[in-house]
Each structure stands twice: as C-alpha cells, then as structure tokens.
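Chains as they are written, first to last, in full-length UniProt numbering: chain Y, 1 to 306; chain C, 1 to 199. Virtual Cβ for every residue (Gly too), placed ideally from N, Cα, C. From a predicted model like this one, the values you see are computed outputs, not experimental measurements. Since the structure comes first, as structure tokens, the remarks are kept for the end.
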Ligand code: SF4
Ligand code: SF4
C-alpha cells in the first residue's frame with residue numbers, strides 16, 4: 001500500500017471551507033441570540049452582513065479554483081453530489097440572511113435611502129416575519145457549516161476524511177469560530193447590553209472548544225488505531241509544528257484558558273471590562289479554525305492499491 | 001448492451017509503455033504535461049535479496065459503483081449503456097470533486113494551458129476544446145467502429161484483454177470469472193470492471 005497526499009484541493013478550498021463554516025455559524029448563532037436573548041439590532045446587523053461577506057468571499061475562492069467557473073450553474077444537476085447540496089444550502093442561506101438583515105439595517109441612518117427604495121409592503125412583511133426568518137436562517141447556517149465537512153468526507157480512498165467524525169469536527173469548529181467572531185463584535189460594541197451577550201458567547205465558545213477537544217481526541221484515537229491512510233494522515237499532523245502549536249495550542253488551548261478565566265474571574269455580566277485577552281482569544285480561535293482546514297486538507301492521503 | 005471491462009495479465013507486462021503512447025496519440029492527452037489516461041507503474045516488491053520489479057498498468061476502472069459519478073455535481077460524469085464512465089467536456093466545471101472521489105487516481109485536469117498547447121500541436125483537429133477533467137473512455141470512439149481500445153490493440157504482449165464481461169464466450173469474461181483475476185482495493189466497494197492477474 002502506498003499513501004499519497006491528495007494534490008487537488010489546496011488553501012483556496014481550505015479558505016472556502018473556513019469561511020463557509022464561519023459564515024454559516026455566525027448567522028446561525030446570531031439568529032439564535034436574537035430569538036432567545038433579544039436583539040441588539042446594530043450588532044446583529046453587522047454580524048449578519050459580515051457573515052454574508054464571508055460566504056461571498058468563500059464562494060469567490062471556490063469559483064477561482066475551478067477550471068470553468070462561468071458554468072457553475074450546472075452544479076445544480078446531480079443531487080447525489082454534496083456540491084449540489086452545498087449550492088442549495090448556500091442559496092437558502094443567502095436568501096434567509098438577506099431577508100433577515102434588511103429590517104435590521106434600518107438602524108443605520110446612512111442606509112435609509114436604500115432601504116426606503118424597497119416597497120413598503122415587502123418591508124412590512126420582512127419586519128413581521130423577522131423572527132421566523134431567523135429560525136430558518138439558523139437552520140441554513142447550520143447546514144452550510146456542516147456541509148463543508150460533508151463535502152470532503154465523500155472521498156472513499158482518503159480514510160482520514162471518509163468518516164462521520166470529520167463533518168462533526170468541522171461543524172463544531174465552525175460554530176466555535178462563529179462564536180469567537182460574535183464575541184469579538186460584542187466586545188467592541190458600545191451597547192449597554194453587550195456585556196451580557198459577551199458573557200453568553202464566551203461560555204458558548206468555551207463549551208464548543210471543549211466539545212471540539214473531545215471530538216479531536218476520539219477522531220485521532222480512531223485514526224491512529226487503523227492500519228490505513230488515516231494513521232498516516234494523523235502522524236503527518238502530529239509532526240506538523242504549525243498544526244500542533246498554531247492550531248492545537250494557540251487556536252484551542254490558549255483561548256480556552258483565557259475564556260475560562262474570563263468566565264470565572266472577569267465578570268462581564270457586572271459590566272467590568274477585560275477586553276484585550278478576550279479579543280486575543282477570539283482572534284486565536286479564528287486563526288486556529290483556518291489552520292485546521294488547511295491542515296486537514298494537506299493531511300488528506302489516498303491509499304493507493306499499488 | 002455490453003458491460004465492457006478489461007483484464008490485465010501482469011505476468012506478461014514488460015513495461016514498454018506502448019499503451020501510454022498509443023492512448024495519448026489516439027486521445028490527444030497532454031503528454032507534454034506528463035498527463036496520461038493510462039500509466040504503467042514500475043514497482044519494486046519484496047525485501048532484499050528477494051526483490052522483483054513489477055509492472056502494473058492502470059487506468060480508469062469504470063467502476064460499477066462509481067464514486068466519481070456520485071461526487072460530480074454537474075452531471076458531466078455519467079455512465080453509458082455499456083457501463084463506460086464518461087465525462088462531458090462541455091458540462092464539466094472543473095471542480096475536482098471527482099478527482100478527490102476517485103480511489104484509483106484515474107483522472108487529471110485538462111487545463112487551459114493544455115488546451116492551448118493541443119491547439120498548437122493539432123491545429124483544427126483538436127478534440128479537447130475547453131478545460132475539463134479527463135480520463136480513460138475505453139476509446140468509445142473506436143468501439144463505435146468495432147475496434148478495440150488503442151492500448152489493447154497496441155500492447156505487444158497481450159497483457160490487456162478487453163471485451164464484454166457479460167459475454168460468456170469472451171476471453172475477458174472467462175479470465176475475470178476464473179478466480180485468478182482480482183480487482184484493486186475491493187474493500188472500497190467500488191466494484192471495478194478492470195481486473196488483474198498477479199505476476
Ligand atoms: S476509476 Fe475513478 S474515474 Fe474511473 S470510474 Fe472509478 S472512480 Fe470513476
Ligand atoms: S470536475 Fe467536472 S467531471 Fe469532475 S466532478 Fe467536477 S464537474 Fe464533474
């Protein structure tokens with residue numbers, strides 16, 4: 001048996017997978033925050049606009065990596081393909097995100113002229129069904145985030161990818177990056193209620209990082225005990241300093257430590273500020289999430305029969 | 001309706017690579033970028049002093065259970081009525097999903113540069129007008145004229161035996177059913193239609 005690194009999907013696709021997970025999760029968490037925690041319309045509008053931008057940029061990277069991007073519409077032909085479902089989910093996501101964010105944009109005086117161009121009955125409907133759209137949007141965001149893992153798990157000869165652990169890892173990591181991004185926004189927000197939201201997000205991110213650690217443990221344990229390409233991939237990752245130090249230590253353990261400290265000692269809910277460490281933790285989670293995608297793609301090894 | 005397949009008799013392959021040459025001229029594959037629809041792997045096996053060189057010709061296995069077809073979002077990859085897996089160049093967007101899904105490294109990208117180079121070499125006779133994913137087709141164009149695939153017709157040692165796996169009288173059926181021939185990576189469940197008789 002020979003193990004050979006896959007040579008077709010590189011950092012461009014990793015960027016797409018990262019931004020897909022981040023964008024999907026940011027919208028999903030924002031919508032849930034809106035439904036259960038009330039709505040800081042300014043912050044949520046920035047969050048959802050950014051999440052749309054993440055997905056637009058991600059899609060540009062995906063298209064740029066194709067040989068014939070102008071024919072991309074054909075990708076809606078074969079429902080057996082995960083890419084087909086990716087296109088469906090992303091479009092569903094865009095529709096939901098745009099429908100959701102339009103009423104929130106009324107917060108911004110400079111956008112008023114554009115918003116006012118939208119016919120009143122439509123605006124009224126969007127306003128009325130805002131919460132319902134948020135509900136649909138959180139589902140769309142989740143589907144986009146999990147699809148990024150499903151896409152690459154559909155390779156039978158790349159054992160390291162071809163496991164349900166991978167979509168699970170990607171969706172949890174995606175949600176962790178989404179929570180970190182929202183935490184970043186909430187820390188920068190001047191809204192009086194923002195501290196309570198920060199505290200919630202910090203807890204959420206810490207829980208997600210712990211979950212991610214558990215999944216990683218199970219995933220690597222499984223990979224290391226199989227006499228297949230999965231073990232070769234896991235060993236490759238163990239020997240990659242950037243993966244270990246950049247993703248595992250700086251992208252998971254350090255932010256987890258900072259956030260745990262924040263949860264127990266900094267007291268956001270009482271309005272005390274400890275902005276710098278939390279901003280650092282969020283930034284590290286985001287960089288770590290990107291490194292994870294890059295390295296999982298790099299570690300994809302075919303198991304050739306010759 | 002046939003169910004075309006191939007048996008590789010590895011006992012006779014001498015590694016002359018005539019099949020690679022025949023295929024790349026017949027199908028205008030980009031030999032200039034070292035991309036081929038069929039390869040002859042040159043392998044060493046065993047441990048010293050008991051070592052041997054083995055030649056292993058390989059190509060698209062025209063899997064019955066086709067991961068590349070499932071992965072292709074555009075329907076560019078399809079299976080024809082004779083069980084041959086084909087790519088529709090005009091429909092392919094070049095997303096590489098099929099390359100990732102194929103366990104046999106059977107596909108490569110016919111890139112923009114390759115299309116240009118082909119135009120330079122073959123002038124009006126180009127067969128690959130747009131970039132796309134490319135792979136073995138069992139020379140469908142030759143089959144339509146009742147000819148064997150170019151690699152089979154060229155092989156000087158009768159290593160490649162081609163035909164209808166469902167035709168009980170055919171040599172390929174007899175060899176494939178003999179128990180001597182094995183498919184590669186059977187555990188993946190792709191059900192290849194190319195079989196190997198070990199040397
Ligand atoms: S060998 Fe690869 S390209 Fe050929 S049919 Fe099987 S999966 Fe598809
Ligand atoms: S590269 Fe072409 S043939 Fe392959 S999956 Fe994409 S669209 Fe289909």
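Problem set entry | Which of helix, strand or coil DSSP assigns to residue 45(C) | strand
Problem set entry | Within-7 Å CB hit, residue 60(Y) to chain C | It does not: the Cβ of residue 60(Y) has no partner Cβ on chain C nearer than 7 Å.
Exercise. Taking 7 Å as the CB-CB cut-off, is residue 261(Y) touching chain C?
Worked result: no
For this session: Under 8 Å by Cβ, that's how I've got residue 60(C) and residue 101(C) pegged, so tell me the actual separation to the nearest angstrom.
Result: Residue 60(C) to residue 101(C), Cβ: 13 Å. No contact.
For this session: Sort 156(Y), 75(Y), 161(Y) and 219(Y) by Cα distance to residue 188(C) and report the nearest one.
Result: 156(Y)
For this session: Could you have a look at residue 240(Y) and say whether DSSP puts it in helix, strand or coil?
Result: The answer is coil: DSSP assigns residue 240(Y) none of H, G, I, E or B.
For this session: Drop a sphere of 10 angstroms on the beta-carbon of residue 275(Y), count the other beta-carbons inside from all chains shown, and report buried for 16 or more, exposed for fewer.
Result: exposed
Problem set entry | Those residues, in chain order, that have a beta-carbon closer than 6 Å to some heavy atom of ligand 1 | 60(C), 61(C), 62(C), 63(C), 66(C), 67(C), 68(C), 85(C), 102(C), 104(C), 106(C), 107(C), 135(C) and 190(C)
For this session: Report the residue ranges of all beta strand (DSSP E) runs contained in full by the segment 202 to 243 of chain Y; include only those spanning at least 3 residues, in chain order.
Result: none
Exercise. Would you call residue 120(C) buried or exposed, if buried means 16 or more other Cβ atoms sit within 10 Å of its Cβ?
Worked result: exposed
For this session: Compare the C-beta of residue 167(Y) against all C-beta atoms of chain C and say whether one is closer than 7 Å.
Result: False, the Cβ-Cβ gap to chain C never drops below 7 Å.
Exercise. Are the segment 289 to 297 of chain Y and the segment 167 to 182 of chain C touching, with three or more C-beta to C-beta distances below 8 Å?
Worked result: The answer is no - the segment 167 to 182 of chain C does not touch the segment 289 to 297 of chain Y, with fewer than three Cβ pairs under 8 Å.
Problem set entry | Residue from 169(C), 164(C) and 173(C) with nearest C-alpha to residue 3(C) | Of 169(C), 164(C) and 173(C), the residue nearest in Cα terms is 164(C).
Problem set entry | Contact set between residue 75(C) and chain Y, taken where Cβ atoms lie within less than 8 Å | 74, 77 and 78
Exercise. Which word fits residue 172(C), buried or exposed, when buried means at least 16 other C-beta atoms lie within 10 angstroms of its C-beta?
Worked result: By the Cβ-count criterion, residue 172(C) is buried, with 16 or more other Cβ atoms from all chains shown falling within 10 Å of its own Cβ.
For this session: Can you say whether residue 32(C) is buried or exposed, counting buried as having 16 or more other CB atoms within 10 angstroms of its CB?
Result: exposed
Problem set entry | Exposed unless 16 or more other CB atoms sit within 10 angstroms - verdict on residue 158(Y) | buried
Problem set entry | Assumed close pair residue 189(Y), residue 40(Y) - CB separation to whole angstroms, cut-off 8 Å | 7 Å
For this session: Tell me whether residue 224(Y) is buried or exposed, calling it buried when 16 or more other Cβ atoms sit within 10 Å of its Cβ.
Result: The Cβ neighbour count for residue 224(Y), taken over all protein chains shown within 10 Å, is under 16; the residue is labelled exposed.
For this session: Sort 104(Y), 266(Y) and 284(Y) by Cα distance to residue 173(Y) and report the nearest one.
Result: The closest CA to that of residue 173(Y), considering only 104(Y), 266(Y) and 284(Y), is found on 284(Y).
Problem set entry | Beta-carbon proximity check, residue 150(C) vs residue 68(C), cutoff 7 Å | Their beta carbons are not under 7 Å apart, which means residue 150(C) does not touch residue 68(C) by this criterion.
Problem set entry | C-beta contact flag for residue 228(Y) and residue 21(Y) at 7 Å | no
Problem set entry | Partner residues on chain C for residue 68(Y), Cβ-Cβ distance less than 8 Å | 92, 93, 94, 130, 131 and 132
Problem set entry | Nearest-angstrom Cα separation, counted from residue 58(C) out to residue 187(Y) | 58 Å
Exercise. Whose C-beta lies closer than 6 Å to the C-beta of residue 222(C) among residues of the same chain, with five residues either side of it excluded?
Worked result: An answer regarding residue 222(C) cannot be provided, because it is not within the stretch 1 to 199 covered by chain C.
For this session: Would you tell me roughly how many angstroms separate the C-alpha atoms of residue 47(C) and residue 53(C), rounded to the nearest one?
Result: 11 Å
For this session: Name the residue from 118(C), 190(C) and 112(C) whose alpha carbon lies nearest to the alpha carbon of residue 67(Y).
Result: 112(C)
For this session: With residue 162(C) as the anchor, note down where its beta strand (DSSP E) starts and where it stops.
Result: Residue 162(C) -> beta strand (DSSP E) spans 160 to 164.
Exercise. Looking at the structure shown, is residue 142(C) part of a helix, part of a strand, or coil, going by DSSP?
Worked result: helix
Exercise. If we count the other Cβ atoms within 10 Å of its Cβ and call it buried at 16 or more, is residue 186(C) buried or exposed?
Worked result: exposed
For this session: Look up residue 189(C) in the DSSP assignment and give the residues it is bridged to.
Result: None, per the DSSP bridge assignment.
Exercise. Which residues, in order along the segment 2 to 36 of chain Y, keep a beta-carbon less than 7 Å from a beta-carbon of chain C?
Worked result: 6, 8 and 9
Problem set entry | Bridge-paired residues (DSSP) for residue 5(C) | 163(C)
For this session: Spatial neighbours of residue 18(C) within its chain, please: CB distance less than 7 Å, with the 5 preceding and 5 following residues excluded, ordered by chain position.
Result: Correct list, in chain order: 154, 155 and 156.
Exercise. For residue 107(Y) versus residue 45(Y), is the C-beta distance shorter than 7 Å?
Worked result: yes
For this session: Less than 8 Å between the CB atoms is what I'm expecting for residue 84(C) and residue 137(C), so what's the real figure, rounded?
Result: 6 Å
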